[in-house]
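Residues in the sequence shown are numbered consecutively from 55, following my numbering. We treat Cβ as the ideally placed atom computed from N, Cα and C, and that holds for glycine. Values in this document were obtained by computation on a predicted structure and should not be read as measured data. Just below is one structure, and these are the notes that go with it.
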Amino acid sequence: MTDPAGTPEIRLTDLTKHFRDVRAVERVSLDIRTGELFSMLGPSGCGKTTTLRMIGGFELPSAGRIELRGRDVTTDPPDKRPVNMVFQ
């Protein structure tokens, strides 16, 4: 684990995902640090699941960057990322 004042566990920088003409996620940037609780809330279709799928490696972003523990994993496959996902 990282020092809360240091590198975030998860960093998204201008994360974007388009499906043809649909903008599913548009320029999301955030840092989640060790010990923080984080929740994504919003109506159906606002990009919550798409954002999580990009963090997990199940969708590639159209633009932007995903860092996990300081390492760029934007194009890494799911099995090469230090993150887990539980599906509903």
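Exposure of residue i, with buried meaning 16 or more beta-carbon neighbours within 10 Å
i	result
valine 140	exposed
threonine 56	Model confidence at threonine 56 stands at a pLDDT of 45, short of 50, so the residue's coordinates are unreliable; what they give is reported in the following sentence. The residue is exposed, with fewer than 16 neighbouring Cβ atoms inside 10 Å.
leucine 69	buried
threonine 129	exposed
valine 76	exposed
glutamate 90	exposed
proline 97	exposed
Residue i (DSSP reduced to helix, strand or coil)
i	result
threonine 67	strand
arginine 107	helix
aspartate 133	helix
Range covered by the beta strand (DSSP E) that runs through residue i
i	result
serine 93	No beta strand (DSSP E) holds serine 93; DSSP gives it neither H nor E.
leucine 114	Where leucine 114 is concerned, there is no enclosing beta strand (DSSP E), given that its DSSP letter is neither H nor E.
Those residues which DSSP pairs with residue i across a bridge
i	result
leucine 84	Leu66
arginine 77	His72
arginine 119	Thr67
Anticipated Cβ contact below 8 Å, residue i with residue j, distance rounded
i	j	result
valine 9	glycine 101	As shown, the chain starts at 55 and ends at 142. That puts residue 9 outside it, with no answer to give.
arginine 119	threonine 61	In fact, because the Cβ distance is near 14 Å, the residues do not count as touching under 8 Å.
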